[in-house]
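*Asks:* Chains A, B and C supply the protein sequences, listed in that same order.
Per full-length UniProt numbering, the very first residue in the first sequence carries number 1; after that it's consecutive.
Per full-length UniProt numbering, the very first residue in the second sequence carries number 1; after that it's consecutive.
Per full-length UniProt numbering, the very first residue in the third sequence carries number 1; after that it's consecutive.
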Amino acid sequence: MRIRLKIWRQESNETSGRMESYELKDVNEEMSFLEMLDVLNEQLMEKGIRPVEFDHDCREGICGQCGVMINGEPHGPLQHTTTCQLHMRTFRDGAEIYIEPFRADAFPVKCDLKIDRSAFDRIIQSGGFISVDTGQAPEANTTRISVPVAESAFDSAACIGCGACVAACKNASAALFTSAKITHLVKLPQGQTEAQERVLKMVSQMDAEGFGHCTNTEACEAACPQEISVLNIARMNWEYNKAHIMRK
Amino acid sequence: MLDAKIPEGPLEEKWNYYKSHTKLVNPANRKKIDVIVVGTGLAGSAIAASLGEMGYRVKSFCFQDTARRAHSVAAQGGVNACKNYKNDGDSVFRMFYDTIKGGDFRSREANVYRLAECSANLIDQAVAQGVPFGREYAGYLNNRSFGGVQVSRTFYARGQTGQQLLLGAYQALMRQVHAGHVQLSTRHEMLELVVIDGKARGVIVRDLVTGALERHGAHAVVLATGGFGKIYFLSTLAMGCNGSAIWRAHKKGALIANPSWTQIHPTSLPQSGEYQSKLTLMSESLRNDGRIWVPKKEDDQRPPNQIPEEERDYYLERRYPAFGNLTPRDIASRAAKERIDAGYGIGPLKNAVYLDFSRAIGEQGEDKIREKYGNLFRMYQKITNVNAYTEPMRISPAAHFSMGGLWVDYELMTSIPGLYALGESNFADHGANRLGANSLLQACVDGYFIAPYTMANFLADEIRTGPIDTKHPAFEAAEEQVKAQLRMLENIQGKHPADYFHRNLGRVLYDKCGLSRSAAGLSSAIADIQQLRHDFYKQLYVPRGFAINTELEKAGRVADYLELGELMCHDALTRNESCGAHFREEYQTPDGEAMRNDKDFAFISAWEWQGANNPPLLHKEPLHFEFVTPTVRSYK
Amino acid sequence: MTQSTLTKKIWMALTGLFLCFFLIIHLLGNLQLLIPGPASQQQFNAYSQLLSGNIIIKIISYILYASIIAHVIYAIIITMQNARSRKVKYKYDKRGNLSKWYSRNMGLLGTILFIFLVIHFRDFWYVYKFGSLPLDEHGHKDLYTLVVTVYSELWYVIVYVLCMVALFYHLIHGFFSAARTLGAYHPKYVRWIKALGWAYCIVICAGFAFIPVYVHFLK
């Protein structure tokens, strides 16, 4: 198949960018989307054009490093699928495909499709953990956790930190990411001791990074490759409100 | 010359004895000690967080955009620990024995025993961190059986155990970053080790955003940089996985042990075209219910469902009636390759075999199969667009795990004092074949429970050293060398990008240093790789003059692979026996099974770098079996 | 502003929910317009009188004004801050596929409602409070006649009904959004709130829209 590409090119954080058009013939529909970009890059290099920089690593949908806007949607048109798991058979012959980086002021573009998502790390640093030093842990089976609780904690913990939720949100809010971690930890008995402090710190860090407000459009859930539920956001709000009322 | 520093005494006393007699660093002195940790996977995050908690000053580096993306994240199945929660007869000794036997008796007894001994603690630690392991209805932790052992000792978090364990370690690391004990640099790649007066004293890293080189000094350096299976180009590994950190340490004097022992995983998705960049792994657990077959007729073009039962060759069940489809990974992969090479492979490229669930679906119902493997079937459909409930999956072997790596002693220290290697980057515990669910365990145990003790033994003598001066001539020289190499790679301006050479190298290694090897094949592979290396330095193309430059990163890694690949062939060529993942065609029984030679080859091959144009030098560390007797692994 | 994003959202939710509550009272009053015959006029005017004299109602009405103002101000602050969170826009944007249009256009719907509110206040509240309304036979200000007169204009009825459609969409998202902001996270209760929200919005908006249509055609 033959496709036409419009790709965001931006040499560095300091320069401005623009959309550039490329054409690819002989695209195999069994190719993954990123393999298509590999082929494009080989052809660009043959012509002496700087290859398109994009983030990717595991290429099996779990590391969360890949992630671009494809035809105006995070990770492209297939629901609950990361960019690396998207295959060219999803597109028709002759298709025009727009590729842009995830955009948010908290995710500055580094080069082409590469962005800086370290804001997510700083949110986790502010409190997204259970404070247990190596060696302090008690015998694992002393804490019983029912299957539904463990499973629902897992649902929240499944986040891969790709940033599609922020990219999809009209306000570039990081509420889904932040709440998934808060919810994962507060659902488990081990995580409850620090629940109050954690939610206050993480929300405050989320705000400091310049993410917008959550206005509950639920676009994040629709864009999330891991199907993280917006009810995590409700849980974060609940914990936050509780912490506010209870704190001294 | 090679002293593994294994403590005296009975097997079960060694680690305790070591821990009680090792030197310690006083808490007040720890803040005077700097440690560099390269890599933020399970081993790297675990050691960096643990040292941070103890009060050391840690600098941590990873090439990904955040620490949480290291490839430990992709491990699916589970993590072994001998908790004996199932009351089914598990014990430290049994786990030790399973692991050493699974490794075909090519690992150290003391190391493997310690791995089993520390496994229980890991589960405690992970649960305390909030890892949502699978539970039973009463709320206690659940186990599954894995990889052909007779007890249930595998803990799991759905099919994402690696992700959840890594997030636990990552969060512990983030906590230390926030506390100021760990300084984390993401998008930084280590390009050189700095050795001063024989001790590892720092690294040169490249900032992958600005392109700048940085010097970092420390009293000890830990490499936790994972495996180098990506050397085969097509592998189950992440695109960025590489052998550069350990290779550059090797060139500075660290020995590499058993580099050719690579686990080729039997159940990965086959290559579908030239453009392909990686092979996705399908969990081994599928073999619990799937049956593997190829058509009995060569070059059979019929769709699988039209091939009648009597014209199918269930070759694993035929050759290994006792274990059938559950034979260990090395054996299953080799049997698949045998059929494919004989011309019975299926699929457009004739490079795969069928994994068929029709009998299991018939017996247990589709719902039961969906409940067990729904996510894997969904993933299969996503990638191939084939519904595996109605048509068999196509699978084929793919490079997966490096049993080999930097040689380390019992303290996980390499042959360079002050340089440690943890997790998959060392060679220590898996012998010639790794058992399923032992890799997560080893990475975690190394990072949480072993290195924090053994490193203190070295660091105790460093409290008076004072800060490491990065203006030292050794830093100067190392940085110059890196700079020169980068400039050289950019200036070749040939016509092929790095991937071209990488792909060709992968092809040579799969053919001649993969599932089966022969002296003739390995000798020709060495010549092929030398030629390829020659071409690389003549024809490489790297875009010039950009700060962010993925092609330059790749070129550096491929340059190292082109040397490491040759070492792998030397390693395989000198080992005139078949053991675990290493199968030499000359050393097999009449019915095609591996023939181990304990008399002449019960040793670890540790290789020393002798310069680019000289063959590597082999050191042998003999393996002594005091507590177990090596037996023939039979799965017939 | 040192309030967190979540705190600002709580104020939006609380003021919004108070306005939702007020709409119920308001609708109950308006339903008296549906009473057939002259009893309707008497009842409606008496009710209006009762509301304007009562001290509790007075306090509530001040809370109401404050709520409207706070709701608007917080909306403006939040919108402005959100606009700053992504200064470089997407060149090609199909994110509309991922969410409901009205959830993304609360500001627009809110603006429509605000304009409606201004007209509504001018036509009824202002005239009632500060204008010179004639008295009915019981000595109450004759708001009823004013309403019937205004609703006799067809274009006004159309505008009114359209505004109630806007209100419906604003309410349906606002109601769920408020529930989430306050922390309703349990799936079971979220289902109940969903059902309640739909029922509430349909009843309120259909009720408000039906009244002018009824008055226009039948009075």
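Ideal Cβ positions, reconstructed from N, Cα and C, are used throughout, including at glycine.
A quick note: this is a predicted structure, and the numbers were derived from the prediction, not measured.
Which same chain residues, not among the five before or five after G243/B, have their C-beta less than 7 Å away from its C-beta?
*Replies:* Around G243/B: F228, I231, D560, Y561 and L564.
*Asks:* Put N426/B into one of helix, strand or coil per three-state DSSP.
*Replies:* N426/B falls in the strand class under three-state DSSP.
*Asks:* Is the CB of L6/C under 8 Å away from at least one CB in chain A?
*Replies:* Yes - at least one Cβ of chain A is within 8 Å of the one on L6/C.
*Asks:* Between the C-alpha atoms of F377/B and A388/B, what's the straight-line distance to the nearest angstrom?
*Replies:* Distance between the alpha carbons of F377/B and A388/B is about 6 Å.
*Asks:* Just curious, the beta strand (DSSP E) that G202/B is in, first and last residue?
*Replies:* Here the beta strand (DSSP E) through G202/B covers K199 to D207.
*Asks:* For A474/B, tell me which candidate among A81/B, K59/B and G217/B has the shortest Cα-Cα distance.
*Replies:* Comparing Cα-Cα distances from A474/B to each of A81/B, K59/B and G217/B, the minimum goes to G217/B.
*Asks:* Return the bridge partner residues of L193/B from the DSSP annotation.
*Replies:* Beta-bridge pairing links L193/B to V203/B.
*Asks:* Just grab the DSSP bridge partners of R291/B for me.
*Replies:* Answer is D356/B.
*Asks:* Who are the neighbours of G210/A on chain C, taking C-beta pairs under 7 Å?
*Replies:* In chain order: S85.
*Asks:* Which whole runs of the beta strand (DSSP E) in the region 9-55 of chain B are 3 residues long or more, in chain order?
*Replies:* Runs of the beta strand (DSSP E) inside the region 9-55 of chain B: 34-38.
*Asks:* CB-CB under 8 Å to H188/B, same chain, minus the five flanking residues each way: which ones, in chain order?
*Replies:* Same-chain partners within the cutoff: F61, C62, F63, V205, R206, D207, L208 and E214.
*Asks:* Taking the straight line between their C-alpha atoms, what separation do you get for Q42/C and H140/C?
*Replies:* Distance between the alpha carbons of Q42/C and H140/C is about 8 Å.
*Asks:* Any idea which residues DSSP pairs K110/A with across the strands?
*Replies:* Partner(s): none; K110/A has no beta bridge.
*Asks:* Which term fits E490/B, buried or exposed, when burial requires 16 or more other beta carbons within 10 angstroms of its beta carbon?
*Replies:* E490/B comes out buried.
*Asks:* I want to verify the contact list: residues of chain A whose CB lies under 7 Å from the CB of T181/C, in sequence order.
*Replies:* In chain order: N237.
*Asks:* Is there contact between the region 58-73 of chain A and the region 98-118 of chain A, where contact requires at least three CB pairs shorter than 8 Å?
*Replies:* Taking 8 Å as the limit for Cβ pairs, the verdict is that the region 98-118 of chain A does touch the region 58-73 of chain A.
*Asks:* What is the rounded straight-line gap between the Cα of N29/B and the Cα of F458/B?
*Replies:* Roughly 13 Å separates the two Cα atoms.
*Asks:* Hey, which unbroken runs of the alpha helix (DSSP H) at 4 residues or more fall wholly within the region 28-77 of chain C?
*Replies:* Complete alpha helix (DSSP H) runs here, min 4: 39-53.
*Asks:* Helix, strand or coil for A527/B, going by three-state DSSP, please let me know.
*Replies:* Looking at A527/B - three-state DSSP - the assignment turns out to be helix.
*Asks:* Counting only the same chain and skipping the five closest in sequence on each side, list residues whose C-beta sits under 8 Å from that of V131/B.
*Replies:* So the list reads A157, Q164, L165, L167 and G168, once near-sequence residues are dropped.
*Asks:* Using a Cβ-Cβ distance cut-off of 8 Å, determine whether S146/A contacts chain B.
*Replies:* So yes, S146/A belongs to the interface.
*Asks:* Using a beta-carbon distance below 8 Å, is L185/A in contact with chain B?
*Replies:* Yes, L185/A counts as interfacial toward chain B.
*Asks:* For K170/A, name the three-state secondary structure that DSSP assigns.
*Replies:* Here K170/A sits in coil by DSSP.
*Asks:* In three-state DSSP terms, what is V151/B?
*Replies:* It is coil, neither helix nor strand.
*Asks:* Taking V221/B as part of the alpha helix (DSSP H), name the residues at either end of that continuous run.
*Replies:* Looking at the DSSP string, V221/B is not in any alpha helix (DSSP H); the run it does join, the beta strand (DSSP E), is A220 to L223.
*Asks:* Measuring only the C-alpha atoms, how far is H186/C from S229/A?
*Replies:* Roughly 12 Å between the two C-alpha positions.
*Asks:* Here's the rule I'm using: 16 or more other beta-carbon atoms within 10 Å means buried, otherwise exposed. How should G436/B be labelled?
*Replies:* Label assigned to G436/B: buried.
*Asks:* Please confirm if M1/C has its CB atom under 8 Å from at least one CB of chain A.
*Replies:* Per-residue confidence for M1/C stands at a pLDDT of 46, beneath the threshold of 50, marking its modelled position as unreliable; no derived number is given.
*Asks:* Got a sec, what are the start and stop residues for the beta strand (DSSP E) S268/B sits in?
*Replies:* Note, S268/B: beta strand (DSSP E), T262 to S268.
*Asks:* Within the 8 Å Cβ cut-off, does D142/C reach chain A?
*Replies:* For D142/C, the answer is no, since every Cβ of chain A falls outside 8 Å of its Cβ.
*Asks:* Select from S119/B, D104/B and Y113/B the residue whose C-alpha is nearest the C-alpha of N80/B.
*Replies:* The shortest C-alpha separation from N80/B is found at S119/B.
*Asks:* Could you pull out every residue in the same chain whose Cβ sits closer than 7 Å to the Cβ of M1/C, ignoring the five residues on either side in sequence?
*Replies:* Its pLDDT being 46, under 50, M1/C is placed unreliably by the model, and the measurement read from it follows with that caveat. Excluding residues within five positions, the ones whose Cβ falls inside 7 Å are I77.
*Asks:* Would you say M45/A faces chain C, with C-beta separation under 8 Å as the test?
*Replies:* For M45/A, the answer is no, since every Cβ of chain C falls outside 8 Å of its Cβ.
*Asks:* Please name the residue or residues paired with H216/C in a DSSP beta bridge.
*Replies:* In the DSSP output, where bridge partners are listed per residue, H216/C has none listed.
*Asks:* From this set, L5/A, R9/A and R4/A, which residue's C-alpha is nearest K114/A's C-alpha?
*Replies:* Of L5/A, R9/A and R4/A, the residue nearest in Cα terms is R9/A.
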